[in-house]
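Novice: Quick one: the structure is below, questions incoming.
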Amino acid sequence: MADFGYGGIGSGLNISDIVNKLVAADRKPADNALNLQQSKTKMQLSSVGTVTSAFDKLKTALTALKATTAFDTRTVTATGKAGPNNADDVLTASVALYDLGTSKAAAANGTHKIDVKNLASAHKLIADTSVPKTDTFGAGTLTLTVGVGDKAKTMNIEVEAGDTLTTVRNKIDAAGRKEGVQATLISSGDNQYLSIAQEKTGAASAIKLEYGGSDPKLGALVGSLKENSPATDALLTIDGVEVVSASNTVTDAVPGLTLNLKVKGLSTVVISTDTTAATKVMQEFVTAYNAAIAAINTETKYDAKTKEASALTGDAQMRGALAQLRSTMSGVLLDLAGDKLDAKALGLQTRGYPNADGTLVLDTTKFAAALAAQPEKIRQAITGDTGGAGRLYTMVDGYVSTTVGKEGAFVARTKGLNSTLDNIDKRRKDLDARMVGVEARYKKQFVALDSLMGKLQQSSNTLSQQLSQLNR
Numbered sequence: 007m008a009d010f011g012y013g014g015i016g017s018g019l020n021i022s023d024i025v026n027k028l029v030a031a032d033r034k035p036a037d038n039a040l041n042l043q044q045s046k047t048k049m050q051l052s053s054v055g056t057v058t059s060a061f062d063k064l065k066t067a068l069t070a071l072k073a074t075t076a077f078d079t080r081t082v083t084a085t086g087k088a089g090p091n092n093a094d095d096v097l098t099a100s101v102a103l104y105d106l107g108t109s110k111a112a113a114a115n116g117t118h119k120i121d122v123k124n125l126a127s128a129h130k131l132i133a134d135t136s137v138p139k140t141d142t143f144g145a146g147t148l149t150l151t152v153g154v155g156d157k158a159k160t161m162n163i164e165v166e167a168g169d170t171l172t173t174v175r176n177k178i179d180a181a182g183r184k185e186g187v188q189a190t191l192i193s194s195g196d197n198q199y200l201s202i203a204q205e206k207t208g209a210a211s212a213i214k215l216e217y218g219g220s221d222p223k224l225g226a227l228v229g230s231l232k233e234n235s236p237a238t239d240a241l242l243t244i245d246g247v248e249v250v251s252a253s254n255t256v257t258d259a260v261p262g263l264t265l266n267l268k269v270k271g272l273s274t275v276v277i278s279t280d281t282t283a284a285t286k287v288m289q290e291f292v293t294a295y296n297a298a299i300a301a302i303n304t305e306t307k308y309d310a311k312t313k314e315a316s317a318l319t320g321d322a323q324m325r326g327a328l329a330q331l332r333s334t335m336s337g338v339l340l341d342l343a344g345d346k347l348d349a350k351a352l353g354l355q356t357r358g359y360p361n362a363d364g365t366l367v368l369d370t371t372k373f374a375a376a377l378a379a380q381p382e383k384i385r386q387a388i389t390g391d392t393g394g395a396g397r398l399y400t401m402v403d404g405y406v407s408t409t410v411g412k413e414g415a416f417v418a419r420t421k422g423l424n425s426t427l428d429n430i431d432k433r434r435k436d437l438d439a440r441m442v443g444v445e446a447r448y449k450k451q452f453v454a455l456d457s458l459m460g461k462l463q464q465s466s467n468t469l470s471q472q473l474s475q476l477n478r
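Anchor point for the sequence shown: position 391 equals 397 in our numbering, and the numbering is continuous, going up by one each time.
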């Protein structure tokens, strides 16, 4: 408030102080109303934000629970040793999660008998005749072939007169590198042995080095190459069905199952539902559901002892949201019971007396057992848009959706409360502007009053003087 620093000349009044107090008195009712509305709005905004956050977390949990993959997580065990005196595992196994973006399915539960008869190996050639390090070769063309049949790839390697074995090795290595072929030298004193190896396993990745020229040294080098490791495929049977694989990692024989072959022998592979992972998804939902109910209860509670209400005590929207959440959940539980997946079988139920507050209780042991016994039935009852989780998701999304044009009820309310705060700020600025005018009016009135009182005082003084002269 402005202080125009004007003291009454004629009246002796402190006009500045009087005007300030009058303006403050005029402003106080409007200020109090704005402050009260602002305080209540901020408290409501905070409370709605708390409930919205809880519903958002519930929506996230329901997104995971309603996914058709929620209970498709698998676990796998492989048992089988190489032999009585060999503790090495015949193989290890792993299962892939369901890929929602493809048609690939999760591995089906079941037991498979695996008999690994042969491991895949990579082709390797080593010369059995050494070449002195300082020896050189004549000019000629070597032919490197990688693969067999129509898919074989052939590369010509030009050897120049005067090339040493090191130079020849470098040229072979450069030509075959893209096809997984590497050439190396093994030194023994002043002599060297040429080795050519394929990185890829399988019969289809065999390698061959040929020479048809006239240089006797090149001919002798190529002729001395002997097979050190054959190019072979892995051979195994799965439940009696023969499977051939170019790799010791077998990924396509049983959908979703990967076998890593280690040694020859028998192994039993068991695929089952990963009840631990699936139970975790359900428990996270129960926790989020209970937190959503607790959030509404906290933000709407009334303390009978202190007679203090919360920001949303008696709020119709919150009462409706709580009732809808409980009603939808009750419907889901009834449908589960109709599918013989009641609390006794599934381990999921609402909390009973004396703490019946609408929250859920999950017996994880019962749930895991039910999931192991009938995973497909539980998946169909809970997952998907029409399953229990899907119906709850639709209800919750109706409150917290941020999709333009389809905003949830809580989202719309938050926008409304923020708009109210903006409006309060605008009204406060309008009040400031109005009070400037009020102050100016009071100032004008009191200045005029002071001037009048000054004139009256002057007239009084003059009259007193005249009367005193008459009395002489």
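We put the beta carbon where it would ideally sit given N, CA and C, even for glycine.
Can we say the stretch 63-76 touches the stretch 393-406, given the rule of at least three CB pairs closer than 8 Å?
Specialist: Contact holds: three or more Cβ-Cβ distances are below 8 Å.
Novice: Expressed to the nearest angstrom, what Euclidean distance is found between the alpha-carbon atoms of A283 and L171?
Specialist: If I take the Cα positions, the gap works out to 58 Å.
Novice: Leaving out five residues on either side along the sequence, give the residues of the same chain with a beta carbon under 8 Å from the beta carbon of P236.
Specialist: The answer, listed in chain order, is S127 and H129.
Novice: Suppose you measure from the CA of D95 to the CA of T264; what does that come to, to the nearest Å?
Specialist: Approximately 15 Å between the Cα atoms of the pair.
Novice: Would you mind stating whether T58 and F416 have Cβ atoms separated by less than 8 Å?
Specialist: Yes. Within cutoff.
Novice: Cα-Cα, which of S22, T74, K34 and T75 is closest to L437?
Specialist: Per the Cα distances, K34.
Novice: Take V444 and list the residues in its own chain whose beta-carbon comes closer than 7 Å to its own, dropping the five residues that flank it on each side.
Specialist: Cβ within range, chain order: V29 and D32.
Novice: Leaving out five residues before and five after Q471 in sequence, what residues of the same chain have Cβ atoms less than 6 Å from its Cβ?
Specialist: Counting only Cβ-Cβ distances below 6 Å, and skipping sequence neighbours, we find nothing.
Novice: Where do the ends of the beta strand (DSSP E) carrying A212 lie?
Specialist: No beta strand (DSSP E) holds A212; DSSP gives it neither H nor E.
Novice: Which residue wins for smallest C-alpha separation from D37, given the options T409, K435, T306 and V54?
Specialist: Comparing Cα-Cα distances from D37 to each of T409, K435, T306 and V54, the minimum goes to K435.
Novice: Can you have a look at R397 and say buried or exposed, based on whether 16 or more other CB atoms are within 10 angstroms of its CB?
Specialist: Per the 10 Å Cβ criterion, buried.
Novice: Which residue wins for smallest C-alpha separation from L150, given the options K139, L131 and I24?
Specialist: Ranking the options by Cα distance to L150, first place goes to L131.
Novice: Got a sec? Which residues, its chain only, sit under 7 Å from D105 by beta carbon, not counting five neighbours each side?
Specialist: Note that D105 scores a pLDDT of 46, beneath 50, so its modelled location is shaky; the value from the coordinates is reported in the next line. Closer than 7 Å at the Cβ level, and outside the excluded window around D105, lies no residue.
Novice: Looking only at its chain, what residues have a beta carbon closer than 7 Å to the beta carbon of A439, apart from the 5 residues adjacent to it on each side?
Specialist: So the list is empty, once near-sequence residues are dropped.
Novice: Whole angstroms are fine: how far does the CA of A114 sit from the CA of V54?
Specialist: For V54 and A114, the distance between alpha carbons rounds to 45 Å.
Novice: Quick check: what's the CA-CA separation for N467 versus R447?
Specialist: Near 30 Å, if we compare the C-alpha coordinates of R447 and N467.
Novice: Using a threshold of 8 Å, state whether the C-beta atoms of I213 and V187 are closer than that.
Specialist: Yes, the Cβ-Cβ distance between I213 and V187 is below 8 Å.
Novice: Between which two residues does the alpha helix (DSSP H) carrying K286 extend?
Specialist: Looking at the DSSP string, the run of the alpha helix (DSSP H) that includes K286 is T281 to T306.
Novice: Given this structure, state the Cα-to-Cα distance separating K46 from V101, to the nearest angstrom.
Specialist: Whole-angstrom Cα-Cα distance: 55 Å.
Novice: Alpha carbon to alpha carbon, what distance is there between G393 and A294?
Specialist: Their Cα atoms are separated by approximately 18 Å.
Novice: The alpha helix (DSSP H) that contains G490, what's its start and end?
Specialist: With the chain running from 7 to 478 in the structure shown, residue 490 is simply not present.
Novice: In whole angstroms, what separates the C-alpha of M441 from that of G422?
Specialist: Between M441 and G422, the C-alpha separation is close to 28 Å.
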